[in-house]
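> Reminder that position 62 of the sequence shown reads as 270 in this note's numbering, one-by-one numbering, no gaps. Cβ atoms here follow ideal geometry from the backbone N, Cα and C, with glycine treated the same way.
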Amino acid sequence: NSNFQRRLIIFLNTCFFFYFAYMPFTDAKFYHSISDITQSKVYTIEGGILLLICLFHFIEIFKALPTSNLKNKPILWVSTGLLFFLICTLPYSILENYISKNYLGAGTSLYSLFYIFYIVLFIMIIKAYLCKTVQNN
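Listed below in structure tokens is the structure:
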């Protein structure tokens, strides 16, 4: 509902698009495959933008007057799942390059945490899909 938030989201998404398009050119290994460092940087920026969008959504939900039962709204389940996923995985993503350099075996083992949080995210998306929507006649 906020014009400022809408413009900020469009601006951030546009900047991310150009950042995403630019990053392969800075990666020396791009012609063979994308390096883990580049992949980690892009994911971390993307996660930060998505986290901000989720926070904006929750701010809008709590500012608005309650009009219906929130647990029947699919967007709430998707936003909650994504917010939980990002809050739990972004700290590792930020530290991923450091962990890979200094603790060789730990990086791969810790990355399996992503799979656990992906499972939770997909369960929330399935819950959103199963929500009964009220049709207006």
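Need the endpoints of the alpha helix (DSSP H) that Asn305 sits in, please.
Here residue 305 corresponds to residue number 97 of the sequence shown, with the count starting at 1. Per DSSP, Asn305 belongs to the alpha helix (DSSP H) from Pro282 to Asn310.
> Can Phe224 be considered in contact with the ligand HEM, in the sense that its beta carbon sits closer than 6 Å to one or more heavy atoms?
With respect to the ligand HEM, the structure shown offers nothing to examine, as it has no ligands at all.
> Taking its Cβ as the centre, do 16 or more other Cβ atoms sit within 10 Å of Glu304, making it buried, or is it exposed?
Counting from 1 along the sequence shown, the entry for residue 304 is found at position 96. Under this definition Glu304 is a buried residue.
> Suppose the cutoff is 7 Å on Cβ atoms and the five residues either side in sequence are ignored; what does the same chain contact list for Ala314 look like?
Here residue 314 refers to the residue found at position 106 when the sequence shown is read from its first residue. These residues qualify, in order along the chain: Ile307.
> Apart from the five residues on each side of it in sequence, which residues of its chain come closer than 7 Å, Cβ to Cβ, to Ile261?
Mapped onto the sequence shown, residue 261 falls at position 53. If we look at Ile261 and ignore the five residues flanking it on each side, its Cβ neighbours are Ile217.
> Can you check whether the CB of Thr252 is closer than 7 Å to the CB of Ile295?
Looking up residue 295 in the sequence shown gives position 87. Looking up residue 252 in the sequence shown gives position 44. No. Outside cutoff.
> Check each candidate in Leu284, Lys249, Gly255 and Gly256 and name the one with the smallest Cα separation from Phe266.
For this step, residue 266 is matched to residue 58 along the sequence shown. Per the Cα distances, Leu284.
> Hey, how far is the Cα of Asn221 from the Cα of Pro282?
Counting from one through the sequence shown, the residue named residue 221 turns up at place 13. Counting from one through the sequence shown, the residue named residue 282 turns up at place 74. Rounded to the nearest angstrom, the two C-alpha atoms are 23 Å apart.
> Please name the residue in Val286, Tyr227, Leu298 and Asn310 whose C-alpha comes closest to that of Gly256.
Counted from its first residue, the sequence shown places residue 256 at position 48. Out of Val286, Tyr227, Leu298 and Asn310, Leu298 has the C-alpha closest to the C-alpha of Gly256.
> Grab the span of the alpha helix (DSSP H) containing Lys197 for me, first residue to last.
Missing from the structure shown is residue 197; the chain here goes from 209 to 345 and no further.
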